Amino acid sequence: MKRNLFIILLTFSLLGCESIGGWFGGDDIDKDRIKGDRISILNLKRTLSSDPQTQENRMILPEPYSNLSWPYPGGSLNNALQNLKGPNSLKQTWSSNLGSGSNKKSFLISTPIIAENKIFFLSADSKLSAFNLKNRRKIWQQDLSVKKENKNEGFGGGMSFNNGVLYVSTGFGFIIAFESDSGEEIWRVNLRIPSRSAPIADDRMVYAITHDNQLFALDKISGNIMWTHRGILESATILSSTSVAVSDDLVFVPYSSGEIYAIRPINGSVIWTDSLTLTGLSTSLSEINSITARPIIDNGRLISVSHAGRMVSIDISTGERVWTLDLSSTETPWVSGDWLFLVTTNSEIVCVSRRAGKIRWVTQMQRFQNEEKKKNPIHWSGPIMISGKLLIVSSKGEAIWISPDDGEVVNSSKISGSAFLSPIVVNNIIYILNDKGELSAYN
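Just so you know, we're using UniProt numbering here: the sequence shown kicks off at 1 and counts up by one.
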């Protein structure tokens with residue numbers, strides 16, 4: 001099924017009422033259902049060019065290492081995995097259908113979780129399943145849909161894994177903790193607002209962002225709400241499943257308003273805040289400020305990028321900007337050593353100096369399946385670095401390997417179906433989930 005990124009125009013006029021319909025936990029689904037308009041985000045045109053000074057710097061990458069699990073959507077609490085060990089070509093070893101994929105009413109936006117030799121999958125029709133990683137046999141399944149509500153309207157949210165417990169958020173407004181071996185429910189909390197993010201669990205708390213730009217911090221053991229934080233309400237956002245980044249003493253929260261906050265986990269107090277909105281000349285699309293890319297914590301810096309067209313590096317301790325770069329992205333950047341790699345909304349792959357924020361190279365990927373008529377836009381997901389090479393996948397069913405040094409395409413291959421989620425790597429094996437709910441392993 002062909003799918004474009006689209007923007008949901010969210011109306012929150014009902015938030016002051018006791019009951020909120022449709023996605024918002026009430027009984028009248030049709031009356032208060034969220035309205036959505038599909039708008040191509042490929043209209044955000046900016047010209048990016050490389051800085052000659054960066055060409056003089058030798059690219060030194062960290063040594064690749066074997067990643068043993070993928071417990072969070074971004075692979076780790078800091079969303080910074082550097083350089084993973086794995087193959088530099090795609091040879092499919094198996095493919096398995098895990099559940100319902102995207103359709104006209106629902107979308108598959110949750111990254112699979114791999115931990116303790118299990119695959120956890122949240123389908124587009126709100127079914128949560130656990131599979132044996134070796135033989136792909138189903139271990140357990142839970143239906144997370146809500147009675148009297150359309151199960152296809154519960155898409156959104158996501159999953160994370162911590163210490164034998166799987167934490168799940170849904171578009172129906174629930175945060176649920178499951179025992180990972182048996183699927184037994186441990187606790188359930190109704191936030192009454194659809195989740196915009198996967199719930200990220202560390203050693204103390206579970207953090208979840210809702211569509212009305214609230215952060216809920218829940219006790220990991222009991223599910224009790226310890227504190228909340230609210231950003232600016234935004235009427236338009238891009239459908240995605242983002243998540244917070246967590247360090248030892250701070251949690252970094254991206255909102256659809258373009259705000260990003262550094263908050264103390266112990267009490268919810270704000271240490272600093274920044275806005276990734278773009279000032280000056282703008283278009284109707286650049287005014288959509290949503291931060292859908294996960295923030296990255298790396299060597300005392302926070303890296304974040306917005307759809308509005310602003311990428312920043314921030315000193316974590318002070319909140320001061322180290323550099324600012326005007327580019328737009330909905331995909332999480334990849335950091336490796338002193339370099340950042342990301343996909344822009346114009347289907348460019350860009351290499352940026354982590355220290356200075358200067359562009360080393362820009363590689364233009366195909367934007368439309370019909371370039372002449374500009375029809376059928378192509379969505380690129382990633383990148384991820386595997387054994388010193390960058391891998392991106394597309395909605396056209398293509399995987400591209402790129403040299404991190406100069407941006408040259410090394411090779412390409414077909415994959416099974418359209419891919420809208422970035423690949424993941426566990427135990428030197430590449431896993432790619434297509435839009436039909438089929439997970440393929442490459443070794």
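Even glycine gets a Cβ: it sits at the ideal position worked out from N, Cα and C. Treat the numbers as computed from the prediction; the structure is a model and nothing was measured.
> CB-CB under 7 Å to Glu259, same chain, minus the five flanking residues each way: which ones, in chain order?
Replying inline: Gly231, Ile232, Thr273 and Ser275
>> Please identify the residue among Val426, Arg204 and Gly417 whose C-alpha is closest to the C-alpha of Leu433.
In response: Gly417
> When the Cα atoms are used, what is the spatial distance from Phe216 to Lys118?
Replying inline: 28 Å
> Considering only C-alpha positions, which residue in the set Lys105, Ser123 and Ser182 is nearest to Trp140?
Replying inline: Ser182
>> Only counting the same chain, and skipping five residues up and downstream in sequence, which positions put a Cβ closer than 6 Å to that of Gly25?
In response: For Gly25, the predicted model reports a pLDDT of 40, less than 50, meaning its position is unreliable and no value from the coordinates is stated.
> By the 10 Å Cβ neighbour count, where 16 or more other Cβ atoms means buried, how is Val270 classified, buried or exposed?
Replying inline: exposed
> With Ala195 and Gly171 assumed to form a contact (beta carbons below 8 Å), what rounded beta-carbon distance in angstroms separates them?
Replying inline: A quick correction: the sequence has Ser, not Ala, at residue 195. Contact holds; Cβ gap of about 7 Å.
>> Give me, in chain order, the residues of the same chain whose beta-carbon lies closer than 7 Å to that of Asn267; leave out the 5 immediate sequence neighbours on both sides.
In response: Trp227
> Under the rule that 16 or more other beta-carbon atoms within 10 Å means buried, what is residue 456, buried or exposed?
Replying inline: Within the shown structure, residues of the chain are numbered from 1 to 443, placing residue 456 beyond reach of any answer.
> Would the beta-carbon of Ser126 fall within 8 Å of that of Tyr72?
Replying inline: no
> Between Gly357 and Leu61, is the Cβ-Cβ spacing less than 8 Å?
Replying inline: no
> Roughly how many angstroms lie between the CA atoms of Thr330 and Trp401, to the nearest whole one?
Replying inline: 20 Å
> Leaving out five residues before and five after Lys396 in sequence, what residues of the same chain have Cβ atoms less than 8 Å from its Cβ?
Replying inline: Gln366, Gln369, Ile378 and Ser418
> Which term fits Leu68, buried or exposed, when burial requires 16 or more other beta carbons within 10 angstroms of its beta carbon?
Replying inline: exposed
>> Distance check for Val343 and Pro333, CA to CA, integer angstroms please.
In response: 7 Å
>> Just verifying my parser: in three-state terms, what is the DSSP assignment at Gln55?
In response: helix
> Opposite Gly158 in the DSSP bridges: which residues?
Replying inline: Ser169
> Where does Asn97 sit, in a helix, a strand or coil, going by DSSP?
Replying inline: strand
> Below 8 Å between beta carbons: does that hold for Gly309 and Val362?
Replying inline: no
>> If you measure between the beta carbons of Pro64 and Asn83, is that distance less than 8 Å?
In response: yes
> Who does Arg230 pair with in a DSSP beta bridge?
Replying inline: Gln214
> Going straight from the alpha carbon of Val393 to that of Ser347, what length do you get?
Replying inline: 12 Å
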